[in-house]
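Peer 1: Residue numbers (the working numbering), protein chains in the order written: chain A, 1 to 212; chain B, 213 to 424; chain C, 425 to 756; chain D, 757 to 1088.
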Amino acid sequence: MNLDVQGMLKAIDAIGTTLEAHKDYLTDLDSAIGDADHGINMNRGFTKVREKVSQGTYGDLGAILKDVAMTLMSSVGGASGPLYGTFFMRMSMKLAGLQAADASSLAAAMEEGLKGIVALGKAQLEDKTMVDALSPAVEALKKAAGTGASLTEALEAAVLAAQAGMESTVPLVARKGRASYLGKRSVGHQDPGATSTYLILSTLLMSLKEVA
Amino acid sequence: MNLDVQGMLKAIDAIGTTLEAHKDYLTDLDSAIGDADHGINMNRGFTKVREKVSQGTYGDLGAILKDVAMTLMSSVGGASGPLYGTFFMRMSMKLAGLQAADASSLAAAMEEGLKGIVALGKAQLEDKTMVDALSPAVEALKKAAGTGASLTEALEAAVLAAQAGMESTVPLVARKGRASYLGKRSVGHQDPGATSTYLILSTLLMSLKEVA
Amino acid sequence: MKKLMNKVDDVVVQSLAGLEAAHPGLVKLHPSVKAVLRGDAPKAKVAVISGGGSGHEPLHGGYVGYGMLDAACPGEVFTSPTPDQMYEAAKAVEGGKGVLFIVKNYTGDVMNFQMAADMLSGEGVNVAQVVIDDDVAVQDSLYTAGRRGVGGTVLAEKIVGAKAEAGGSLEEVKALCEKVNSQVRSMGMALTPCTVPAAGKPTFTLADDEMEIGIGIHGEPGRQRMKLQSAKEIVEMMAKAIVDDLPFKAGDEVLAFVNGMGGTPQMELYLAYNDLASYLREKGIVIARSLVGNYITSLEMQGFSITLLKLDDELKALWDAPVETAGLRWGR
Amino acid sequence: MKKLMNKVDDVVVQSLAGLEAAHPGLVKLHPSVKAVLRGDAPKAKVAVISGGGSGHEPLHGGYVGYGMLDAACPGEVFTSPTPDQMYEAAKAVEGGKGVLFIVKNYTGDVMNFQMAADMLSGEGVNVAQVVIDDDVAVQDSLYTAGRRGVGGTVLAEKIVGAKAEAGGSLEEVKALCEKVNSQVRSMGMALTPCTVPAAGKPTFTLADDEMEIGIGIHGEPGRQRMKLQSAKEIVEMMAKAIVDDLPFKAGDEVLAFVNGMGGTPQMELYLAYNDLASYLREKGIVIARSLVGNYITSLEMQGFSITLLKLDDELKALWDAPVETAGLRWGR
Ligand SMILES: Nc1ncnc2c1ncn2[C@@H]1O[C@H](COP(=O)(O)OP(=O)(O)O)[C@@H](O)[C@H]1O
Ligand SMILES: Nc1ncnc2c1ncn2[C@@H]1O[C@H](COP(=O)(O)OP(=O)(O)O)[C@@H](O)[C@H]1O
Ligand SMILES: [Mg+2]
Ligand SMILES: [Mg+2]
Ligand SMILES: [Mg+2]
Ligand SMILES: [Mg+2]
Chain A
1 MNLDVQGMLK AIDAIGTTLE AHKDYLTDLD SAIGDADHGI NMNRGFTKVR EKVSQGTYGD
61 LGAILKDVAM TLMSSVGGAS GPLYGTFFMR MSMKLAGLQA ADASSLAAAM EEGLKGIVAL
121 GKAQLEDKTM VDALSPAVEA LKKAAGTGAS LTEALEAAVL AAQAGMESTV PLVARKGRAS
181 YLGKRSVGHQ DPGATSTYLI LSTLLMSLKE VA
Chain B
213 MNLDVQGMLK AIDAIGTTLE AHKDYLTDLD SAIGDADHGI NMNRGFTKVR EKVSQGTYGD
273 LGAILKDVAM TLMSSVGGAS GPLYGTFFMR MSMKLAGLQA ADASSLAAAM EEGLKGIVAL
333 GKAQLEDKTM VDALSPAVEA LKKAAGTGAS LTEALEAAVL AAQAGMESTV PLVARKGRAS
393 YLGKRSVGHQ DPGATSTYLI LSTLLMSLKE VA
Chain C
425 MKKLMNKVDD VVVQSLAGLE AAHPGLVKLH PSVKAVLRGD APKAKVAVIS GGGSGHEPLH
485 GGYVGYGMLD AACPGEVFTS PTPDQMYEAA KAVEGGKGVL FIVKNYTGDV MNFQMAADML
545 SGEGVNVAQV VIDDDVAVQD SLYTAGRRGV GGTVLAEKIV GAKAEAGGSL EEVKALCEKV
605 NSQVRSMGMA LTPCTVPAAG KPTFTLADDE MEIGIGIHGE PGRQRMKLQS AKEIVEMMAK
665 AIVDDLPFKA GDEVLAFVNG MGGTPQMELY LAYNDLASYL REKGIVIARS LVGNYITSLE
725 MQGFSITLLK LDDELKALWD APVETAGLRW GR
Chain D
757 MKKLMNKVDD VVVQSLAGLE AAHPGLVKLH PSVKAVLRGD APKAKVAVIS GGGSGHEPLH
817 GGYVGYGMLD AACPGEVFTS PTPDQMYEAA KAVEGGKGVL FIVKNYTGDV MNFQMAADML
877 SGEGVNVAQV VIDDDVAVQD SLYTAGRRGV GGTVLAEKIV GAKAEAGGSL EEVKALCEKV
937 NSQVRSMGMA LTPCTVPAAG KPTFTLADDE MEIGIGIHGE PGRQRMKLQS AKEIVEMMAK
997 AIVDDLPFKA GDEVLAFVNG MGGTPQMELY LAYNDLASYL REKGIVIARS LVGNYITSLE
1057 MQGFSITLLK LDDELKALWD APVETAGLRW GR
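#1: At the 9 Å Cβ level, is Val488/C part of the contact set with chain D, yes or no?
#2: Give a yes or no on whether the C-beta atoms belonging to Thr619/C and Gly638/C are separated by under 9 Å.
#3: Between which two residues does the alpha helix (DSSP H) holding Glu512/C run?
#4: According to the Cβ coordinates, are Gly193/A and Ala79/A closer than 9 Å?
#5: What residues in the region 787-818 of chain D bring their beta carbon closer than 7 Å to a beta carbon of chain A?
#6: Can you give the Cα-Cα distance for Gly808/D and Asp669/C, rounded to whole angstroms?
#7: Return the CA-CA distance between Phe1013/D and Cys933/D, expressed in angstroms with no decimal places.
#8: Taking DSSP as the reference, what is the three-state secondary structure of Phe1004/D?
#9: Between the Cα of Val906/D and the Cα atoms of Glu844/D, Thr1063/D, Ser771/D, Val783/D, which residue gives the shortest distance?
#10: Return yes when the Cβ of Gln311/B is within less than 9 Å of the Cβ of Asp279/B, no when it is not.
#11: Can you give me the C-alpha to C-alpha distance between Trp743/C and Asn762/D, rounded to a whole angstrom?
#12: How many angstroms separate the CA atom of Ala32/A from the CA atom of Arg979/D?
#13: Does the Cβ-Cβ distance between Pro798/D and Asp766/D come in under 9 Å?
#14: Output the boundary residues of the beta strand (DSSP E) element that contains Val792/D.
#15: Here's the rule: buried if 16 or more other CB atoms are within 10 angstroms of the residue's CB, otherwise exposed. What is Met967/D?
#16: Looking only at DSSP bridge pairs, what is Gly612/C linked to?
#17: Leu443/C: which of Leu483/C, Val472/C, Lys427/C sits nearest, CA to CA?
#18: Under the assumption that Gln402/B contacts Thr381/B (Cβ atoms under 8 Å), give the Cβ distance between them as a whole number of angstroms.
#19: Once DSSP output is grouped into helix, strand and coil, what is the label at Met635/C?
#20: Got a sec: is the Cβ-Cβ distance from Phe525/C to anything in chain D below 9 Å?
#21: What first and last residue would you give for the beta strand (DSSP E) that runs through Ser478/C?
#22: Checking the sheet assignment: what are the DSSP bridge partners for Lys603/C?
#23: Counting pairs of beta carbons, one from the region 904-922 of chain D and one from the region 109-126 of chain A, are three or more of them closer than 8 Å?
#24: Between which residues of its own chain and Leu782/D is the CB-CB distance below 6 Å, once the five residues before and five after are set aside?
#25: Going by the C-beta, is Thr503/C closer than 8 Å to any heavy atom of ligand 5?
#26: Less than 8 Å separating the Cβ of Asn41/A from some heavy atom of ligand 3?
#27: Output the boundary residues of the beta strand (DSSP E) element that contains Phe1013/D.
#28: Is Gly519/C closer than 9 Å to Glu589/C when the C-beta atoms are compared?
#29: What do you get for Ala513/C, buried or exposed, if any count of 16 or more other CB atoms within 10 angstroms of its CB means buried?
#30: CB-CB under 8 Å to Ala132/A, same chain, minus the five flanking residues each way: which ones, in chain order?
#31: Give a yes or no on whether the minimum CB-CB distance between Asp247/B and chain C is below 9 Å.
#32: Is Tyr862/D close to chain C? Criterion is C-beta to C-beta, closer than 9 Å.
#33: Quick one: is Thr409/B near chain C, going by C-beta distance under 9 Å?
#34: Between the Cα of Ile720/C and the Cα atoms of Gly687/C, Val747/C, Gly548/C, Ala441/C, which residue gives the shortest distance?
#35: Against Gln1058/D, what residues of chain C qualify as contacts under a CB-to-CB distance less than 9 Å, listed in chain order?
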């Protein structure tokens, strides 16, 4: 079962629902080591995204993700806005013209998205950011795709890796973003952006499984 | 036993002690229907008064009370500063040149002091002010002095009347001072100024009794 | 109690020292009493003097300077100053053309200023007084202390100060101050109480969903406690009371003044101003001038007040005239 | 949460509407994006533009006007604005002599401004950016996000705005902004937290006898939690960190800026200024200019920050130059 236009639209709607449900949770995480807006930002962005994509008619995956990217870019703000905006923009470029993505094309697109985030934010692994969840997820996705796994199998591996990556941020000292101002006081808290990345990937997986 | 120069100095010192001890109490009363400073004001004033009179050498009662009045006037502020200032100033004029006061000369002086307060503040009985404690006290003092009571007997009557007057302010609607801004919401609270008046008179009595 | 302070007894004096240090030349402190004097006083003009309890900053010390006050006499927090302060301040800044005391209508302020005026008159100084009483939250009556002086005081000090700076006589300046007072109305509300440093605890308490309507500027409780409402509803309730009182009528030009009580952020004040502007527009009342910010405060209280002043050409010109003080400045 | 507001989602927009209504002519809102524009823009001068999350008022919208900013782009509360805002604002006020973005050093602000700059450059507009990072509370390192931009931003906007008004070229204006940034240092502290309207509860909690040292301006926790101390001790701790960092030396002339976080009354700010003035006097550092008040805030947070800017004749003259904005005004 690949990810087609309908599946992508459904997944984006599901991601919106998840982020709305976790708005306060993400904001609480951001209160501890940031400025208490990550959940608000993501929910504002994906509310606009759902509005936007529900109005469009899309012939390929790239077109959807381009709208997602542009909408996030102009409605989220903060650090996460440009970062997720770039992520989806880079993915959209890779998926342009495609009616459906299998494990390896999704892996390639996400890898490109991750590169965009790193180029913009300059975070390395263990800086306590979304990269700590996304980077291992992309690795897992690529690896599974390389062994010929199905899209859901590959995404399952990616979600597990994202979860582990998210949890790995707890003991870290933040070196990027607002949490870095806290220095050692950032230790013991889970990074909000890594958490939203995990939520996005796991919702994509669940949405895909429902269709299947 | 009349009130002589030594007795007056002792009484003023005792009044200072009482007001210091009741600073928070008077301020709490003033929080409920005023601006939370009456105890602070009175304590600041009498701290200065004690400093001032402890430095002077006095030959008559009037000179002491003039210093009390001037000191209160320039250190208390608020409504109570000028009112108590005038009270002691008018008393000092009546007691000028006297080495000691008996019941009737004290009654006459206090009556004059009360007149000063009324002239300045224009409060009538039942306006929920210090006048509600002072006015019945002066009446009682005069009446007792008229029947030949001793100074302590007369002051006992005055203190009882002041206490009743102070308590009578509880159910009243304030018509003067800050409490009047509350209108009906001032009902149910005892007037801070009436309370400080009662405290001053009862301390005067106690101080006199100790000497006797 | 959480405050930036050293010793409770020193808050007023140390804050005044800071004001003088931050504005050398503009203001100077009186050497012997608590009073903020214009740096270049005395001037050959009517000396305009105000004062009152501290805790309302920038009122009054922040309004000493060119085109506004010649001196300000701060009492302890929320406590009227004493007559010797006004007396000494007047002696220090008086330039031979007389003195106007602008007094907020509180029993203590009125009595203490009156005593100072008596002392000065006794020495041949020409003293006039105007008592500001613009607070419509207070029911007025012959038998009570009358209305409080609140937001209108700031506007009176600015406008009257401009007239005095322009050479107005004591009679003219006094008459102008009375005119401003007769055309200005205010009302305030609080979301939270405030704490007098020497008292150490809040003057009243409010539940998380409550507000006090009709508060004054001394941390005193208001006339009514209500459930918290939207900014629009609060503004309309207050604006209606003000508009109906004068009354302000369609076509009137006004100065609309939204004042913060000290702890409310500017974002909220401008939001309230927006609702006020809509309300007045609906009534056909024209905002010709405006002022938004913390100008007459109650320590760290959260809340705000609305003041409307009916304008004419004279008042507009005097409002626009240059002013240079720590708290209000334009035109120089 | 107690705030003067209508709907949580509308606080920024309605507050901006109030700003425009209160200062007609001085500022106007952009018709399609959230941006405050100078009333008389575009002008044939370098356009100076700043922006950032809302909740810091008067920063930045209150600094739009003659001699300071040409446009300000407010994001949601404590959230960087989006690139389209800076892009549209620049298009609206740009007068052919280029655009300077003054950016506070936060990851989000830096990235969003960068994107807008890329978009504008792509269209041939001459764009320069300066990132302000004056907060000594943040340990600096090549591997972190670096220091935050705080109080120094206000001073940079004033001084750079004056230079642009005087006809400075984009290169000159940019170089000046970098110079200001290199000579300015700040540090902040909080007595209480603040509440982001959309979050509905405070971003951190503090016990009654605690304070946070080294906070930024986004309601974020600071570097250290301590027992509350006297104003003098707090001021000395912060001032020492600032002085040692540049370092400021005996004989240096400085602009001393005591800034309130929004909920601290002026009385306390001047009291803190008094302690700061004593500290600097002891060190032989000369206060040549000063600023005391709420200029870069964190909603209703109680607390304050200290900023010192090393001055020379150029900076003094530009600081003194006329400015006319809602938040800062003199000379006109
Ligand atoms: N330089 C960076 N690179 C990658 N991710 C980052 C970077 N800076 C911040 N982030 C991510 O952004 C998240 C915060 O997003 P958000 O709260 O929406 O923005 P802001 O920090 O501007 O308030 C952090 O938890 C972190 O995962
Ligand atoms: N017009 C008046 N006449 C007599 N007493 C008055 C008058 N106004 C106020 N008072 C007294 O003053 C007391 C308040 O004093 P205080 O709190 O020290 O001054 P303030 O009201 O200025 O804060 C009141 O409780 C009342 O007894
Ligand atoms: Mg955040
Ligand atoms: Mg009182
Ligand atoms: Mg008082
Ligand atoms: Mg943010």
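Think of the CB as a built atom: it goes at the ideal place given N, C-alpha and C, for glycine as much as any other residue.
Peer 2: Result, derived from the coordinates:
#1: As a position in the third sequence, residue 488/C is number 64, starting the count at 1. Not closer than 9 Å to any Cβ of chain D, the Cβ of Val488/C fails to qualify, so no.
#2: Taking the first residue of the third sequence as position 1, residue 619/C is located at position 195. Taking the first residue of the third sequence as position 1, residue 638/C is located at position 214. No, these two residues do not count as a Cβ contact at 9 Å.
#3: Reading the third sequence from its first residue, position 88 is the one you call residue 512/C. 507-517 is the span of the alpha helix (DSSP H), which, as asked, contains Glu512/C.
#4: Start at 1 with the first residue of the first sequence, and residue 193/A comes out as number 193. Start at 1 with the first residue of the first sequence, and residue 79/A comes out as number 79. The answer is yes: Cβ separation under 9 Å.
#5: none
#6: For the purposes of this step, residue 808/D is taken as the residue at position 52 of the fourth sequence. For the purposes of this step, residue 669/C is taken as the residue at position 245 of the third sequence. Taking the straight line from one Cα to the other gives about 42 Å.
#7: Against the fourth sequence, residue 1013/D aligns to sequence position 257. Against the fourth sequence, residue 933/D aligns to sequence position 177. Computed Cα separation, rounded: 18 Å.
#8: The sequence position of residue 1004/D within the fourth sequence is 248, counting from 1. Of the three classes helix, strand and coil, the one that applies to Phe1004/D here is coil, per DSSP.
#9: The count along the fourth sequence starts at 1 and reaches residue 906/D at position 150. It is Thr1063/D whose Cα lies nearest to the Cα of Val906/D.
#10: Mapped onto the second sequence, residue 279/B falls at position 67. Mapped onto the second sequence, residue 311/B falls at position 99. Their beta carbons are not under 9 Å apart, which means Asp279/B does not touch Gln311/B by this criterion.
#11: Indexing the third sequence from 1 puts residue 743/C at position 319. Indexing the fourth sequence from 1 puts residue 762/D at position 6. Computed Cα separation, rounded: 32 Å.
#12: In the first sequence, residue 32/A corresponds to position 32, counting from 1. In the fourth sequence, residue 979/D corresponds to position 223, counting from 1. Going by the C-alpha atoms only, they are around 12 Å apart.
#13: For this step, residue 798/D is matched to residue 42 along the fourth sequence. For this step, residue 766/D is matched to residue 10 along the fourth sequence. Not a contact, by the Cβ cut-off of 9 Å.
#14: The residue you call residue 792/D lines up with position 36 of the fourth sequence. Its beta strand (DSSP E) spans residues 792-794.
#15: By one-based count along the fourth sequence, residue 967/D stands at place 211. The residue is buried, with at least 16 neighbouring Cβ atoms inside 10 Å.
#16: As a working note, residue 612/C is residue 188 in the third sequence. According to DSSP, which records beta bridges pairwise, Gly612/C is partnered with Ser729/C.
#17: Working through the third sequence from its first residue, we reach residue 443/C at position 19. Checking every option, the nearest Cα to that of Leu443/C belongs to Leu483/C.
#18: Here residue 402/B is taken as the residue at index 190 of the second sequence, counted from 1. Here residue 381/B is taken as the residue at index 169 of the second sequence, counted from 1. About 6 Å separates the two Cβ atoms, so the contact holds.
#19: Along the third sequence, one-based indexing puts residue 635/C at 211. It is a strand residue.
#20: Along the third sequence, read from residue 1 onward, the residue named residue 525/C stands at position 101. It does not; no Cβ of chain D falls within 9 Å.
#21: Taking the third sequence and counting its residues from 1, one reaches residue 478/C at position 54. From DSSP, the beta strand (DSSP E) with Ser478/C extends over 471-478.
#22: For this step, residue 603/C is matched to residue 179 along the third sequence. Answer is none; Lys603/C lacks a bridge partner.
#23: no
#24: Here residue 782/D is taken as the residue at index 26 of the fourth sequence, counted from 1. The answer, listed in chain order, is Gly795, Gly821.
#25: The residue given as residue 503/C occupies position 79 in the third sequence. Yes - ligand 5 has a heavy atom lying nearer than 8 Å to the Cβ of Thr503/C.
#26: The count along the first sequence starts at 1 and reaches residue 41/A at position 41. Within the cutoff, so yes.
#27: Within the fourth sequence, residue 1013/D is the residue found at index 257, counting from 1. 1009-1016 is the span of the beta strand (DSSP E), which, as asked, contains Phe1013/D.
#28: As a first step, residue 589/C must be located in the third sequence, where it is residue number 165. As a first step, residue 519/C must be located in the third sequence, where it is residue number 95. Against a cut-off of 9 Å, the Cβ pair of Gly519/C and Glu589/C comes out as no contact.
#29: Here residue 513/C corresponds to residue number 89 of the third sequence, with the count starting at 1. When all chains shown are included, Ala513/C counts as buried.
#30: Here residue 132/A refers to the residue found at position 132 of the first sequence. The amino acid occupying residue 132/A in the given sequence is Asp; Ala does not appear at that position. Correct list, in chain order: Leu125, Glu126, Gly165, Met166, Ser168, Thr169, Leu172, Asp191, Ala194.
#31: Along the second sequence, one-based indexing puts residue 247/B at 35. Interface residue, yes.
#32: One-based indexing of the fourth sequence puts residue 862/D at position 106. Not an interface residue.
#33: Walking along the second sequence from the start, residue 409/B turns up at place 197. With 9 Å as the cut-off, Thr409/B does not count as an interface residue toward chain C.
#34: The residue labelled residue 720/C in the question sits at position 296 within the third sequence. Of the listed residues, the one whose Cα sits closest to Ile720/C is Gly687/C.
#35: Residue 1058/D sits at position 302 when you count from the first residue of the fourth sequence. Result: Lys426, Lys427, Leu428, Gly687, Glu724.
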